[in-house]
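Enquirer: One structure coming up, written as structure tokens, with questions to follow.
Put into structure tokens, the structure is as follows:
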């Protein structure tokens with residue numbers, strides 16, 4: 918069972934790696950941290966708005982597997 | 023591309039090494055120019071070429087290295103971002119004033135949004151910017167490099183002098199968590 922801190926860390930890493938996050942499902946499943954999840958979603962959208970016009974995607978560099 | 027950390031390149035720029043200066047320009051200038059394009063409303067671009075604005079700002083920052091605080095050296099990109107944001111705000115104000123004086127009927131028209139404001143909405147971008155400003159400079163730089171410029175973890179590790187790609191990956195994720203923590207509202 919994932920703690921709330923672990924959930925936030927997992928999703929922050931997914932955002933940083935450019936992975937697709939099922940935001941509705943995460944917010945539904947983790948109602949206690951839904952506010953922070955919504956803010957991470959804003960950050961995800963900000964990144965996409967910056968990078969899409971540059972033709973860039975963070976998915977191209979998901980980072981070292983299992984590292985850190 | 024040089025593998026030298028940015029802080030070390032800045033030391034060499036300060037000592038007058040032109041190759042270090044070229045390395046820094048190659049490392050950051052094109053990305054910053056692309057970044058500024060998304061930030062500057064079309065109307066403001068009319069009065070100043072975006073690429074020139076960024077290039078002049080960048081070179082001025084390098085020229086005034088003597089005045090740099092160590093904190094700036096450790097987060098040079100975040101420092102440049104702050105300067106550029108201020109210049110963009112000034113340019114937008116200038117463009118609005120010019121428009122107002124030339125076309126009186128447009129006095130009450132809302133300012134043209136930037137490309138980013140169009141994509142995100144003004145409110146979301148303002149919340150992000152306010153939270154971003156509250157981060158420590160090195161975390162600002164990590165977020166900017168990854169989320170706003172799309173740098174690889176390898177390049178972030180190199181620029182920030184981190185020991186590995188994994189360290190850069192962790193640093194960015196932690197910075198994002200802090201950003202979410204300090205962001206207002208839901």
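Protein chains in written order, with our numbering: chain X, 918 to 985; chain E, 23 to 208. Here a beta-carbon is modelled for each residue, glycine too, at the ideal position from N, C-alpha and C. Predicted model only: the values in this text are computed from it and were never measured.
From residue 54(E) to residue 959(X), what distance separates their C-alpha atoms?
Expert: When rounded, the distance between both Cα atoms is 22 Å.
Enquirer: Any contact between the stretch 922-934 of chain X and the stretch 193-201 of chain E? By contact I mean 3 or more CB pairs, one from each, below 8 Å.
Expert: The answer is yes - the stretch 193-201 of chain E touches the stretch 922-934 of chain X, with three or more Cβ pairs under 8 Å.
Enquirer: Does residue 978(X) have its Cβ less than 9 Å from a Cβ in chain E?
Expert: With 9 Å as the cut-off, residue 978(X) counts as an interface residue toward chain E.
Enquirer: Is residue 79(E) near residue 181(E), with beta carbons less than 9 Å apart?
Expert: It is not a contact, given that the beta carbons lie outside the stated cut-off.
Enquirer: Over the uninterrupted alpha helix (DSSP H) stretch that includes residue 154(E), give me the two end residues.
Expert: First-last of the alpha helix (DSSP H) with residue 154(E): 144-156.
Enquirer: Please give the ranges of any alpha helix (DSSP H) in the stretch 152-188 of chain E, keeping only runs that are unbroken, at least 4 residues long and fully inside the region.
Expert: You should have 159-165 and 175-182.
Enquirer: Which residues in chain E sit within 8 Å of residue 967(X), going by Cβ to Cβ distance?
Expert: By Cβ distance, chain E contributes 57, 60, 138, 169, 170, 171 and 172.
Enquirer: Quick one: list the residues of chain E neighbouring residue 971(X), beta-carbon separation under 9 Å, in chain order.
Expert: Those are 53, 56, 57, 59, 60, 171 and 172, listed as they occur along chain E.
Enquirer: Which residues of chain E have a Cβ atom closer than 9 Å to the Cβ of residue 926(X), listed in chain order?
Expert: Simply 195, 196 and 199.
Enquirer: For residue 141(E) and chain X, any beta-carbon pair shorter than 9 Å?
Expert: Interface residue, yes.
Enquirer: Just the C-alpha distance for residue 190(E) and residue 115(E), rounded to the nearest angstrom, thanks.
Expert: C-alpha separation (whole angstroms): 37 Å.
Enquirer: Going by the CB atoms, is the gap between residue 76(E) and residue 58(E) shorter than 9 Å?
Expert: Contact flag set, yes.
Enquirer: Only counting the same chain, and skipping five residues up and downstream in sequence, which positions put a Cβ closer than 7 Å to that of residue 131(E)?
Expert: With a pLDDT of 49 at residue 131(E), under the threshold of 50, the modelled position of this residue cannot be trusted; read the value that follows with caution. Around residue 131(E): no qualifying Cβ.
Enquirer: By alpha-carbon positions, which one of 100(E), 135(E) and 73(E) ends up nearest to residue 168(E)?
Expert: Out of 100(E), 135(E) and 73(E), 100(E) has the C-alpha closest to the C-alpha of residue 168(E).
Enquirer: Within 10 Å of its beta-carbon, does residue 61(E) have 16 or more other beta-carbons around it, so buried, or fewer, so exposed?
Expert: By the neighbour-count rule (16 or more Cβ atoms within 10 Å), residue 61(E) is buried.
Enquirer: Under 8 Å by Cβ, that's how I've got residue 968(X) and residue 957(X) pegged, so tell me the actual separation to the nearest angstrom.
Expert: Contact doesn't hold; Cβ gap of about 16 Å is too wide.
Enquirer: How long is the line joining the alpha carbons of residue 935(X) and residue 925(X), rounded to whole angstroms?
Expert: If I take the Cα positions, the gap works out to 15 Å.
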